[in-house]
Each structure stands twice: as structure tokens, then as C-alpha cells.
Amino acid sequence: LTRHPASPHMIPSMVQSGELSAEEYVSFLFERIEQVDTKVHAYLQTDRDRAVAKARELDRRAKRGEKVGRLAGLGIAVKDNICVKSFQATCGSKILAGFNPPYSATAVLRAETEGAIVLGKTNLDEFGMGNTTQNSGFGPTLNPWDFARVPGGSSGGSAAAVTAGMASASLGSDTGGSIRCPASFCSVVGLKPTYGRVSRYGLIAYANSLEQIGPIGPDAETVSLLFESIAGHDPQDPTSSDVEVGTGHETGIKGLRIGRVKEFFGAGAQPKVSETVMDSCDRLEASGAKVGETSIASLPHALPVYYIIAMAEASSNLSRYDGVRYGMPTEKGTADWNAAFARTRSDGFGEEVRRRILLGTFILTAGYYDAYYVRAQKVRALLTQEFELAFKSFDVLIGPTMPVVPPKLGEKVTPLEDYLIDVNTVAANLTGLPAISVPCGFVGGLPVGIQVIAPSFREDVLLQVARVMGKEHGVKLAPPAGAS
Amino acid sequence: LEKQDAERLRGELSSILEYFATLDQVDVHKVRPTKGDLAGGLRDDVVRPSVPEVLDGVPQKKGKYVRAPRVF
């Protein structure tokens, strides 16, 4: 193989019929990784021998006429905060360097059962805290569309691997936009499922009430296939739901009521990005949807609510990294527990992680708990009510995924300025609603994504919209020139 | 925290907390806070054999014990 043989969603049936050898396809993906990843740095680790062995096994089974699974032969990249047995799980943090998880995440096991092959683990902002993948303890990932820019984050490695053709699809996690932001910045499709849709067992926790594992792929069909394979109740995650997964029949979007949310185009949005998304709305209308304008009044408050809750949950989750039970060891012979503990954590955690632990701990102290945390949980409830109301008039809600094009690598911004670009993505995490980012055009050669949000457990509608956009609206997808 | 870190963080964290305080403008006196619910229910508390590899990652061990810095 010298080029991608077909869209990834076509690969499994080709492997089943023997038209394509899984071994040849997986080897091709590793050739791409060797050529391209020295420039992009999407992967933290890969394992070619393990992948090729699994591919050979699939080929043998296909030859014998056995069923090889709906993801057979797909090479997937897994974000490094999701456990895969036999790979390290570092979360992009020095504090977990060398940590070998004793089990695989449910989402990974389910994908592997369907014949997917894990190629490697991808880079991220440390513990998922960031929107650029620059906060990784192991160096930044670059945007394959423009190496001077960030790929978004925190699942930046997972999105960059897909857009540069170094994986058929990937798994990311999304706590406040960490799948959708890099999907937008890398011009790929990224789905954050409904809270509870995909088991979080084996996802290393950052903010439990917000995060979900989800698929990233070059097109809606591939994302749909991976999503349907990993979704569903898991006894290991009591927050996972047993609501049936709707399969993506080709129903089109005729008559679909799309609400363009005014606040998503608010202050801070680059005018050209807003225009590109508006044009996309016109095309959706031309494809048969009915587009109207709507408002979610509390949206401007979503960002502080998100950061308060995420930091509070993070400060509690990250207290387990003491250097005693796993990960970076405490220095031998250090005087006492407190000194050793402080040393390990200040050496092991990066700047942004420490900032969030400090703020989260402060927010949860007795004197401030009501003022910050409880108030935030109240505004969160208000936001949920407003979304429920909007869904009485509209089937889906829409706006730009990111208000800006990918920022330059190393651009100096204050932490607060950096948080502000998450303004459109955090609401879906606070409300638990499913949301997808779909490529919708370019501004000055840089990708722009549109975000579509649906009522709980209606990922099928999101994927329907994404399918129509991919087929009828002709936005250029992976791989970009820079990485070819 | 080193001293110069503490100085810089003081400024950064204050401006973030000021931003968080913008929530004071929202009228929430009728709203009940969001609470998590366990969609799938809790699984039964049954003892299962543990995975022996869980202790493989422990940085410092003595026999089958985890070695930690002194507390007292």
C-alpha cells in the first residue's frame, strides 16, 4: 500500500472478505507513523510487533471464514489517560511515567473485541488539563495543518494522528471540550457522547461528573462505527447507562429543526470563524434542515461554572499521586512523609496541574464551599433547564466549536485567557448532553469546526448531521499537505 | 511551592477567582444544585480475586509490603 485504501469504515468488510490484508494495512499505518510522527509528535508510545501479531491473527481468522468483527483491521490510537494493558499510561505527566496499568479500559476491550488494533498511546495536556497539548510533560504535539500551530487539546495527539493518516480512528476523552477542540483544530470529526453512554472504567479520572471517552475519526461513518462498538452499560462504571444505542440509518436531515445559538457567536469569537459557521448553516438549510435562531441565557456563565467544578473534582482525584503506590518514586531517605510527598508532587506535576489543584483545594475549603462549589452546581442546574427548554423547539443546537482558529505554538497568554477559548464546549459537559465537532471549512488555511448538540442519548442525530455535511458539503478532510 | 512561584501564582489565581465571582450575578435562590445519579445502579459488593500485577508498579517495596516515607 502506498496510500489509504478507503475510508476506515470500509476496511473491516475488506478484511473480512480477504480483499485487504489487515497486516498490510496496519504495516502501512506504521510506515506513515515513521514518516510523519517525527514532525507531529502525536504518539507517546507505539507497539508495532503487538499490532502486526494481532493483524496476522485477524487475517488467519478471515481466511478460515470466521467473523472478524465490525472494526476488524482498524488501527486505533488511544489517548494516554485511557488504560491499555501492555502499554504505559502516563496521562502526559511525569508523575506517572513508567506506570503500567494492570488492566485495559472497557472502551478499549470492546473495540479490541470487534477487531480494532491499538497502534499506540497519544499525547495530551497533562491529565487532560488544557486545550493545546502544550501542557504535556513530554513535549507538545504540532498541528499537521500548520506545524507552527497547536492541534488543540487535550486529546491533541489523538486528533493529530487521525488527520495525518497515522491511525484509522482514535479514542479521546472530553471533560470540557477535549475531544471537540482538537477535532475542530485538526479538521476531523470528534464525538463527545452523552454522560454515561460510554464506560469510564479505565479512564484515569480528572473530573468524574464531566468526562466521557469518545471517538475521533476522519469522517462520520468511521466515528459512528467506533462509537456503536464502545457504547453501552458496564457494571464496572455505575454511572454508565443501559439506554439502547440508536444505529445510524441514513435518514438525512430533511425537516430537522436546527437552533443556531446566539451566545455561541458571542464576544471573543473571531468574525471569520463565525462567518464560516454561518455559511455552513446555510448549506444545512439547502440540504433540507430548518434553521432558526435561539438563545440560552446562562451560557456566558458556563465557563466559570465548569472551571470551579472541574478544579474541585481534580484536586480530589489527583491527591492519589503520592509517589508511594505507583508512578514517580519519592526520593529515598527523604526525612518525613510531608516533605517527601511535597517533593514528589512539585517535581512530578506541571504548572497547570498544580494551579488547578491549588484552586480546587481552595474552592472546597469550608469557608468558600457554598460561595463557589454549591453556587456553581446551582448555575449548572439552571443551564440544564435552559437546554431542555430549547430542545422543545429544536432537534439540535449549533454554533462554532471553537471561537478561534488554532493558536500559534508557544503564544504567551495568561491562564485565564487560555481558559476563555473553551467557552462553547463546556456546556455539553455540564449538562451531560452529547455533542460533536464536524469540519466545516477553513479560514486562511486553518480548520474551522461546527459544534452540534443533541438531547441526551441522541448521538444518532448528531452523526446524521455529520454524515450529511461530509457527503454534501465537501469540506476537505485528512490528510493535510503538511503531513503527506 | 518555591517562593517565586508563590508570588506569581498569587496574581494568577486572584484574577481567576475574580472571574469565578462573576457567578454572584446569577439569581439562583430558587434552583436546587445538580446532583449526580447512578444510572446503572451500584454493583453488588462481592469480593473478587485481586490482580497480582497491581503491586508491580510500586516504586519501593519490602517483600509484599509497600515502602513509604516515615510519618512520625
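Top line first, the protein sequences correspond to chains A and B.
According to the working numbering, the first sequence is numbered sequentially starting from 13.
According to the working numbering, the second sequence is numbered sequentially starting from 24.
We treat Cβ as the ideally placed atom computed from N, Cα and C, and that holds for glycine.
A quick note: this is a predicted structure, and the numbers were derived from the prediction, not measured.
From which residue to which residue does the beta strand (DSSP E) around residue i run?
{"i": "Ser185 (chain A)", "result": "181-186"}
{"i": "Ile462 (chain A)", "result": "458-465"}
{"i": "Ser286 (chain A)", "result": "Here Ser286 (chain A) belongs to no beta strand (DSSP E); instead the alpha helix (DSSP H) covers 283-298."}
{"i": "Leu315 (chain A)", "result": "Segment 311-329 is the alpha helix (DSSP H) holding Leu315 (chain A); no beta strand (DSSP E) there."}
{"i": "Ile129 (chain A)", "result": "129-134"}
{"i": "Pro20 (chain A)", "result": "Neither: Pro20 (chain A) is in no beta strand (DSSP E) and is coded neither H nor E."}
{"i": "Pro304 (chain A)", "result": "In the sequence as presented, Pro is not what sits at residue 304 (chain A); that position holds Gly. It spans 302-306 - the beta strand (DSSP E) in which Gly304 (chain A) sits, taken as one unbroken run."}
Can you check which of these residues, the options, is closest to residue i by C-alpha distance?
{"i": "Ser229 (chain A)", "options": "A:Lys204, A:Leu215, A:Ile216, A:Arg212", "result": "In the sequence as presented, Ser is not what sits at residue 229 (chain A); that position holds Gly. Of A:Lys204, A:Leu215, A:Ile216, A:Arg212, the residue nearest in Cα terms is A:Lys204."}
{"i": "His21 (chain A)", "options": "A:Ala84, A:Ala63, A:Arg62", "result": "A:Ala84"}
{"i": "Thr134 (chain A)", "options": "A:Gly127, A:Phe99, A:Ala119", "result": "A:Phe99"}
{"i": "Arg62 (chain A)", "options": "A:Leu409, A:Val96, A:Gly214", "result": "A:Val96"}
{"i": "Asp79 (chain B)", "options": "A:Leu371, A:Pro467, A:Arg60, A:Pro114", "result": "A:Pro114"}
{"i": "Asp334 (chain A)", "options": "A:Cys198, A:Gly360, A:Ala314", "result": "A:Gly360"}
{"i": "Arg355 (chain A)", "options": "A:Val210, A:Arg161, A:Thr342", "result": "A:Thr342"}
{"i": "His313 (chain A)", "options": "A:Val408, A:Ile191, A:Arg392, A:His245", "result": "A:Arg392"}
{"i": "Thr14 (chain A)", "options": "A:Ser39, A:Glu31, A:Ser25, A:Ile23", "result": "A:Ser39"}
{"i": "Gly164 (chain A)", "options": "A:Met178, A:Glu240, A:Val416, A:Glu325", "result": "A:Val416"}
{"i": "Asn329 (chain A)", "options": "A:Met26, A:Met141, A:Ser307", "result": "A:Met141"}
{"i": "Leu315 (chain A)", "options": "A:Glu124, A:Asp430, A:Tyr213, A:Val210", "result": "A:Asp430"}
{"i": "Phe150 (chain A)", "options": "A:Gly110, A:Ala181, A:Asp158", "result": "A:Gly110"}
{"i": "Ala173 (chain A)", "options": "A:Arg387, A:Phe42, A:Ala67", "result": "A:Phe42"}
{"i": "Thr234 (chain A)", "options": "A:Asp246, A:Ala123, A:Met323", "result": "A:Ala123"}
{"i": "Gly264 (chain A)", "options": "A:Lys51, A:Thr251, A:Lys302, A:Asn350", "result": "A:Lys302"}
{"i": "Gly34 (chain B)", "options": "A:Leu371, A:Pro459, A:Thr396", "result": "A:Leu371"}
{"i": "Ile369 (chain A)", "options": "A:Val273, A:Thr251, A:Arg357", "result": "A:Arg357"}
{"i": "Leu284 (chain A)", "options": "A:Val27, A:Glu69, A:Gly453", "result": "The question names Leu, yet the displayed sequence has Lys at residue 284 (chain A). Minimum Cα distance to Lys284 (chain A) is reached at A:Gly453."}
{"i": "Pro419 (chain A)", "options": "A:Gly457, A:Leu445, A:Pro446", "result": "A:Gly457"}
{"i": "Val130 (chain A)", "options": "A:Ala160, A:Leu86, A:Thr50", "result": "A:Leu86"}
{"i": "Glu30 (chain B)", "options": "A:Gln397, A:Lys91, A:Arg367, A:Arg212", "result": "A:Arg367"}
{"i": "Glu78 (chain A)", "options": "A:Ala65, A:Gly127, A:Ala243, A:Ser331", "result": "A:Gly127"}
{"i": "Leu108 (chain A)", "options": "A:Val435, A:Gly444, A:Tyr338, A:Asn436", "result": "A:Tyr338"}
{"i": "Arg72 (chain A)", "options": "A:Glu35, A:Ala89, A:Val48", "result": "A:Glu35"}
Classify residue i as buried or exposed, calling it buried when 16 or more other Cβ atoms lie within 10 Å of its own Cβ.
{"i": "His52 (chain B)", "result": "exposed"}
{"i": "Tyr88 (chain B)", "result": "exposed"}
{"i": "Asp67 (chain B)", "result": "exposed"}
{"i": "Asn441 (chain A)", "result": "buried"}
{"i": "Ser37 (chain B)", "result": "exposed"}
{"i": "Glu6 (chain B)", "result": "The question about residue 6 (chain B) has no answer, for chain B in this structure spans 24 to 95."}
{"i": "Gly280 (chain A)", "result": "exposed"}
{"i": "Tyr381 (chain A)", "result": "exposed"}
{"i": "Glu275 (chain A)", "result": "buried"}
{"i": "Gln476 (chain A)", "result": "buried"}
{"i": "Thr144 (chain A)", "result": "buried"}
{"i": "Lys390 (chain A)", "result": "buried"}
{"i": "Ala219 (chain A)", "result": "buried"}
{"i": "Gly300 (chain A)", "result": "exposed"}
{"i": "Pro459 (chain A)", "result": "buried"}
{"i": "Ser449 (chain A)", "result": "buried"}
{"i": "Val289 (chain A)", "result": "buried"}
{"i": "Pro194 (chain A)", "result": "buried"}
{"i": "Asn93 (chain A)", "result": "buried"}
{"i": "Leu401 (chain A)", "result": "exposed"}
{"i": "Val70 (chain B)", "result": "exposed"}
{"i": "Phe43 (chain B)", "result": "buried"}
{"i": "Leu24 (chain B)", "result": "exposed"}
Measure from the C-beta of residue i to each C-beta in chain D and report whether the shortest distance is under 8 Å.
{"i": "Asp348 (chain A)", "result": "The structure shown contains no chain D; its protein chains are A and B."}
Need the endpoints of the alpha helix (DSSP H) that residue i sits in, please.
{"i": "Phe197 (chain A)", "result": "192-198"}
{"i": "Tyr42 (chain B)", "result": "26-43"}
{"i": "Val477 (chain A)", "result": "471-484"}
{"i": "Gly202 (chain A)", "result": "Run containing Gly202 (chain A): none in the alpha helix (DSSP H); it sits in the beta strand (DSSP E), 201-204."}
{"i": "Gln57 (chain A)", "result": "Note, Gln57 (chain A): premise wrong, no alpha helix (DSSP H); beta strand (DSSP E) at 55-58."}
{"i": "Ser358 (chain A)", "result": "349-360"}
{"i": "Glu78 (chain A)", "result": "Counting along the chain, Glu78 (chain A) falls outside any alpha helix (DSSP H), and DSSP gives it neither H nor E."}
{"i": "Glu138 (chain A)", "result": "Neither: Glu138 (chain A) is in no alpha helix (DSSP H) and is coded neither H nor E."}
{"i": "Glu43 (chain A)", "result": "34-52"}
{"i": "Gly169 (chain A)", "result": "168-175"}
Closer than 7 Å, Cβ to any Cβ of chain A: which residues of the stretch 66-78 of chain B, in chain order? Arg66, Val74, Glu76, Val77
3-residue-minimum beta strand (DSSP E) runs that sit fully inside the stretch 218-268 of chain A, ordered along the chain: 224-229
Length at least 4, wholly inside the stretch 405-451 of chain A: the alpha helix (DSSP H) runs in chain order: 427-432, 438-443
Runs of alpha helix (DSSP H) lying entirely within the stretch 83-126 of chain A, each at least 4 residues, in chain order: 118-125
If you measure beta-carbon to beta-carbon, which residues of the stretch 41-52 of chain B are closer than 7 Å to chain A? Tyr42, Phe43, Thr45, Leu46, Val49, Val51
Could you run through the stretch 464-478 of chain A and flag, in chain order, every residue whose CB is less than 7 Å away from some CB of chain B? none
Which residue spans inside the stretch 370-407 of chain A form an unbroken alpha helix (DSSP H) run of at least 4? 387-405
What residues in the stretch 382-393 of chain A bring their beta carbon closer than 7 Å to a beta carbon of chain B? Tyr384, Val386, Arg387, Ala388, Gln389, Lys390, Val391, Arg392, Ala393
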